[in-house]
Amino acid sequence: MPRQPQPAAAELRGVHKRYGTLAALDGLDLHVAPGELLAVLGPNGAGKSTAIATCLGLVEPDRGSARLFDESPLRLAVRRRVGVMLQSALLPDTLTVAELLAQTRSYYPQPLGTDECVRLAGLEDLRDRRYGRLSGGQQRRVQFALAVCGRPQLLFLDEPTVGLDLDARTALWATIRTLVADGCAVVLTTHYLEEAEALADRVAVLAHGRVVAAGSVAQIRARVAQRRIRCLSTLDVATVAAWPEVRSACRDGERLEIVTDTAEIVVRQLLFEDSALSELEVQRAGLAEAFTEITREAA
21 MPRQPQPAAA ELRGVHKRYG TLAALDGLDL HVAPGELLAV LGPNGAGKST AIATCLGLVE
81 PDRGSARLFD ESPLRLAVRR RVGVMLQSAL LPDTLTVAEL LAQTRSYYPQ PLGTDECVRL
141 AGLEDLRDRR YGRLSGGQQR RVQFALAVCG RPQLLFLDEP TVGLDLDART ALWATIRTLV
201 ADGCAVVLTT HYLEEAEALA DRVAVLAHGR VVAAGSVAQI RARVAQRRIR CLSTLDVATV
261 AAWPEVRSAC RDGERLEIVT DTAEIVVRQL LFEDSALSEL EVQRAGLAEA FTEITREAA
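If you number the sequence shown the way our numbering does, the last residue is 319 and the count never jumps.
Here it is in structure tokens:
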């Protein structure tokens, strides 16, 4: 007997939401599968926060539906399967990290152990520190620990690495990858496009309350014809920037860096103009360039 497909961990179907004359969501369709990391990207005002709040049952749509594990997000049993880390959190400043973990773990029937929560968020030296005495980056790590302490099957991470230094960000990425590998679905919103590029199985780009592009990172990048050319060359930057096929040209240290939609033509011109040119590289547009192009077209 064939296995029944698992329901989406989270799904929005044809969701509309208006605030006065502003259409925050305009027929939005969004879904994340079990064990998948979906990065939801978009400029400010695209509808990302409203979409997340609707998924969580914090905002009621004017039309359409929100489902978590094919059930209402308002059901307590469903909410206990979900972890949430929003951009800001109002937590008691006077409680220690250990006390906050104990309080939050008590809400769940089978929470992770305190030691495991501490390890996942890198809080080993902060257990007995009062929350209000922590730096912004340390507080974000505490908020992450609280989000995962209930063994979530679905995790919402809204700008999770804001305020973290490079080492803490790298460690958090590793933890997120482990959670996804263990079957946890993750919905990530971030302005750090390198974060989405490093972590996402799939990307959804929002603009004006609807999805304007969706697919894997490679599929999103492939939508944009831009290429980045890097090489060692003595050619004058201003001269190269004036070529009709060149979008921009600059120097990065000793290297000449060019952005173009017609890499083959520009490469031929480079080789013709500079016979001593070396270390030539041609790269596809990154997610950042693709995001900029897609949202510019949507505008």
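Heads up, the beta-carbon is just placed ideally off N, CA and C, and yes, glycines get one too.
Query                                                                                                                  : Result
Exposed unless 16 or more other CB atoms sit within 10 angstroms - verdict on proline 81                               : buried
Close-in-space but distant-in-sequence residues of the same chain around alanine 73 (CB under 7 Å, 5 per side omitted) : Val79
Among Ala66, Ser92, Leu88 and Ser298, the one whose alpha carbon lies nearest that of leucine 42                       : Ala66
Rounded separation between glutamate 274 and serine 69 - CA only                                                       : 42 Å
Reference serine 268, options Glu309, Ala234, Thr254 and Asp294, closest by Cα                                         : Glu309
Through-space distance from alanine 220 to glycine 183, alpha-carbon basis                                             : 21 Å
CB-CB length for leucine 322 against cysteine 251, believed under 8 Å                                                  : Because the chain spans 21 through 319 in this model, residue 322 falls outside it and cannot be assessed.
Nearest-angstrom beta carbon gap, threonine 181 and valine 60 [assumed within contact, 8 Å]                            : Incorrect: roughly 15 Å between the Cβ atoms, too far for contact.
Inter-residue spacing [alpha-carbon to alpha-carbon] between arginine 87 and cysteine 75                               : 7 Å
Proximity winner among Glu317, Arg248 and Leu96, relative to aspartate 281 (alpha-carbon distances)                    : Arg248
Reference glutamine 163; option with closest CA among Gly77, Ala218, Pro172 and Ala141                                 : Ala141
Paired residues, beta bridge with tyrosine 39 - DSSP                                                                   : Leu42
beta-carbon threonine 209 near the ligand ZN non-hydrogen atom, thresh 7 Å                                             : You won't find the ligand ZN in this model; it holds no ligand whatsoever.
Helix, strand or coil at arginine 171 [DSSP, three-state]                                                              : coil
Euclidean distance between Cα positions of arginine 150 and aspartate 185                                              : 21 Å
Exposed unless 16 or more other CB atoms sit within 10 angstroms - verdict on arginine 230                             : buried
Host beta strand (DSSP E) of glutamate 274 (start-end)                                                                 : Note, glutamate 274: premise wrong, no beta strand (DSSP E); not H, not E.
Three-way DSSP call (helix, strand, coil) for methionine 21 in this model                                              : In this prediction, methionine 21 scores a pLDDT of 48, lower than 50, which makes its location untrustworthy; the coordinate-derived value is nonetheless stated afterwards. Of the three classes helix, strand and coil, the one that applies to methionine 21 here is coil, per DSSP.
Run of the alpha helix (DSSP H) containing alanine 141, from where it starts to where it stops                         : 134-141
Aspartate 178 classed as buried or exposed, judged by whether at least 16 other C-beta atoms fall within 10 angstroms  : buried
First and last residue of the uninterrupted beta strand (DSSP E) at threonine 209                                      : 205-209
Spatial distance of aspartate 46 from valine 35 (CA atoms)                                                             : 7 Å
Residue span of the beta strand (DSSP E) that contains serine 298, given as start and end                              : 298-304
Glutamate 284, buried or exposed, once every other Cβ within 10 Å from all chains shown has been counted against 16    : exposed
Coil, strand or helix - serine 268 by DSSP                                                                             : strand
Classification of arginine 271 by the beta-carbon crowding that lies within 10 angstroms, buried from 16 upward        : exposed
Alanine 189 in three-state terms, based on DSSP                                                                        : Reading off the sequence shown, one finds arginine at residue 189, where the question assumed alanine. Correct three-state label for arginine 189: helix.
Straight-line gap, serine 108 to arginine 100 (C-alpha atoms, nearest Å)                                               : 20 Å
Secondary structure of arginine 83, DSSP reduced to three states                                                       : strand
Assigned exposure category for glycine 103 - 16 Cβ within 10 Å defines buried                                          : buried
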